[in-house]
Every structure is written in C-alpha cells, then in structure tokens.
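Residue numbers (our numbering): 73 to 271. All residues carry an ideal CB built from backbone N, CA and C; glycine is no exception. Computed from a prediction, not measured in an experiment: that's the story for all the values here. Structure first, then comments.
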C-alpha cells in the first residue's frame, strides 16, 4: 500500500555521508532517519522518483515490477550527470540488472549489488531519502483513512487486515493500494466469488 519511492544521492566523495553515520534505512529508528535525512539533503545533491499505486498498476500491464524499478532507477540517476552509479539491486541477477541499467544510463559505470545499502554510504543515504519520503506520504494516507493502516508493507498485518476488511465491505480495493499485487488480486477475487448464501 502506498507509493514506490526510489531515491538517488549525488556526491563526489562519500566522506560527509560517513560522518553523518548513514546506514541501511531499515536499521535506523524513524527519528534517526528523519535527522539523517535533514543532514543528507543539506550536504548532497538528491532526488526522488515516485510511482503511486495507480502508476504501478498501469505500468504492470506492460512490464514486470523489476522493470518498473529499473526505469525509476534510471530516471533518478539521470537527474544529474554521473560517471558512476552504485545501486541496491532489486533483481536476483546483479549482472543482468547492471547491464540493463547501463543501457538506460550509457555514460556511467554501473555497480549494482544486493544489500548495497549496507556496503556503500551513498546507497545508504539514498535509501534514507527514499524511506523518509515514503513514510511522510504514508502519514498523509493514514490521515485520509483516519484508522491504523500500518506501514503499507505486506509483512504488516495491520495493512493486510485493513485492505482485506475494506475489500469485503466495499467490493473494491481502497485508494493507494496496488491492485496488480497478487495478495490484493486474491482478496478481490475472493470477494467477487462470494455467494449470496455466504452473507
């Protein structure tokens, strides 16, 4: 539930990011992420590319989620001239993803690794920028519904329970939910196949 956010941070040298103490955004408390976000955006160039749930559903008609992310990565890193790109690889095949991203950003050397946000400070910083941006957007979405919708991630039972209850009550997914996501498709299918005798 919520948007997909890709962040990019642009630096000549990652020394200032090391001084900030950046690390994988998932290993930081929300308060520390917010503080580091402020320091990162004051220190380095940065950008975010955002795809709403509706954007993702529309793109998924013609491409995989990995391809959606690939194009978002290319858009993000192309916001500034770059000679090297360090990316947290969302694909199981690092070499394939590096090649495909390189085709979209031909003037840069691509280093795409799994868990790159643990290894490269610039990727850690980008993950913090993306996570804080998404968290703030989720706060706005939460305020729209005025109930506990959780984090928006599939591992969060509050999110899953909210989506399931909404579909059962309304016959459709709530706003900001990816209908192309398999668990939501299953919930919608189950609701459509409910017999009158089940009521």
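Residue burial classification, residue 141 (beta-carbon count within 10 angstroms, cutoff 16):
Reading the chain shown from its first residue, position 69 is the one you call residue 141. Residue 141 comes out buried.
Residue 119 bridges to which residues according to DSSP?
Reading the chain shown from its first residue, position 47 is the one you call residue 119. Its beta-bridge partners are 80.
With DSSP run on the structure shown, which of helix, strand or coil describes residue 267?
On the chain shown, position 195 is the one that residue 267 refers to. Model confidence at residue 267 stands at a pLDDT of 49, short of 50, so the residue's coordinates are unreliable; what they give is reported in the following sentence. DSSP places residue 267 in coil when its eight states are reduced to three.
Determine which residues share a DSSP beta bridge with residue 157 and list them.
Against the chain shown, residue 157 aligns to sequence position 85. Partner(s): 182.
Taking residue 264 as the reference, give the member of 194, 209, 239 and 251 with the closest Cα.
The count along the chain shown starts at 1 and reaches residue 264 at position 192. Among 194, 209, 239 and 251, the Cα nearest to that of residue 264 is on 239.
Is it true that the region 137-154 meets the region 111-120, where meeting means three or more beta-carbon pairs spaced less than 8 angstroms apart?
In the pairwise beta carbon analysis, the region 137-154 is classified as touching the region 111-120: at least three pairs are separated by under 8 angstroms.
Helix, strand or coil: how does DSSP classify residue 135 here?
For the purposes of this step, residue 135 is taken as the residue at position 63 of the chain shown. DSSP places residue 135 in coil when its eight states are reduced to three.
Would you mind sorting residue 202 into buried or exposed? The rule is 16 or more other CB atoms within 10 Å of its CB.
Reading the chain shown from its first residue, position 130 is the one you call residue 202. By the neighbour-count rule (16 or more Cβ atoms within 10 Å), residue 202 is buried.
Excluding the 5 residues flanking residue 77 on each side, which residues of the same chain have their C-beta closer than 6 angstroms to its C-beta?
Along the chain shown, one-based indexing puts residue 77 at 5. The residues are 120, 122, 202, 205 and 206.
Going by C-alpha distance, which of 262, 81, 186 and 218 is nearest residue 154?
One-based indexing of the chain shown puts residue 154 at position 82. Nearest C-alpha to residue 154: 81.
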